[in-house]
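Take the sequence shown: its position 34, counting from 1, is numbered 34 in full-length UniProt numbering, and each next residue is one higher. Built from N, CA and C at the ideal position, the CB exists for glycine as well.
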Amino acid sequence: MSAINIKDNLIEGVAKRLSPNHDLRPIEEDISLLVIHAISLPPGKYGGSYIEDFFLNTLNISKHKYFESIKDLKVSSHLLIKRTGEIIQFVPFNKRAWHAGVSSYLGREKCNDFSIGIELEGTDDSEFTNQQYNSLMIASKALIETYPKLTKNRIVGHSDIAPERKTDPGIFFKWDRYLGDI
């Protein structure tokens with residue numbers, strides 16, 4: 001993937017699996033923060049469709065005992081970047097995805113209201129793939145070009161906005177590499 005275009009708040013040319021877990025932003029044009037996450041379902045396992053199923057509320061909880069603990073959660077992100085670098089979009093960027101939970105950035109609470117969430121398939125204690133960094137960098141560049149309030153200085157990890165409860169994207173996420181490529 002060399003470049004991407006965003007049209008009507010959707011990335012052209014990537015899979016769309018629109019999640020019901022979103023709503024309207026209080027101020028639609030206030031997209032001013034990018035939050036990087038990590039997720040794997042079940043924890044530490046990669047591949048398959050469990051993350052997508054989770055974001056679409058179609059996760060079969062009988063497939064793994066861990067799924068029972070998350071069965072009532074309703075969450076989503078704008079994008080998921082799989083280990084292969086494949087990007088899947090779940091929520092249009094002008095809508096509020098449910099990715100940040102209880103959070104605050106520079107004293108402003110409810111980060112879902114003004115942020116875009118990108119999930120990387122992975123864990124907070126493992127390396128991410130070259131393909132993921134490449135797709136993340138390309139997507140981030142396009143988002144910064146499309147949404148003027150987004151800048152390199154307004155990109156954070158989930159752990160930065162919810163440090164009491166979150167550790168992702170984790171200690172192995174290479175911030176210098178990622179930000180240096182944008």
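- Item | Chain-order list of residues whose beta-carbon lies under 7 Å from that of Ser115 (same chain, five-residue window excluded) | Leu33, Leu34, Val35 and Ala100
- Message: Tell me the rounded alpha-carbon separation between Leu80 and Leu120.
- Response: One C-alpha to the other measures close to 6 Å.
- Query: What residues in its chain sit with their C-beta under 7 Å from that of Pro20, if we drop five residues either side in the sequence?
  - Reply: Within the same chain, Pro20 has close Cβ partners Asn57.
- Item | For Ala97, the first and last residue of its enclosing beta strand (DSSP E) | Lys95 to Ala97
- Taking only the alpha-carbon atoms, compute the straight-line gap between Asp125 and Phe172 and give it to the nearest angstrom. 6 Å
- So, helix, strand or coil for Ile6, using DSSP? Correct three-state label for Ile6: strand.
- Query: Sorted by chain position, which residues of the same chain lie with C-beta nearer than 7 Å to Lys161's C-beta, five sequence neighbours on each side aside?
  - Reply: Note on residue identity: the sequence assigns Ile, not Lys, to residue 161. So the list reads Val35, Ala100, Ser103, Ser104, Tyr105 and Cys111, once near-sequence residues are dropped.
- Task: Identify every residue that forms a DSSP beta bridge with Lys16.
- Result: Gln89
- Message: Along the chain, where does the beta strand (DSSP E) containing Gly157 start, and where does it finish?
- Response: Ile155 to Gly157
- Item | First through last residue of the beta strand (DSSP E) which encompasses residue 234 | Only positions 1 to 182 of the chain appear in the structure, and residue 234 is not among them; the question remains open.
- Message: Helix, strand or coil, according to DSSP, for Tyr133 in the structure here?
- Response: helix
- Item | For Glu119: DSSP bridge partner residues | His37 and Leu80
- Message: Please return the same chain residues whose Cβ sits closer than 6 Å to the Cβ of His82, not counting the five positions on each side in sequence.
- Response: The displayed chain sequence assigns Lys, not His, to residue 82. Taken in chain order, the residues that qualify are Glu121.
- Query: Rounded to whole angstroms, how far is the Cβ of Ala139 from the Cβ of Ile39, which I believe are closer than 8 Å?
  - Reply: Not a contact, Cβ separation roughly 16 Å.
- Determine the direct distance from the alpha carbon of Arg154 to that of Leu179, and round the result to whole angstroms. 11 Å
- Terminal residues of the continuous beta strand (DSSP E) containing Asp168? That residue, Asp168, is in no beta strand (DSSP E); it is neither H nor E in DSSP.
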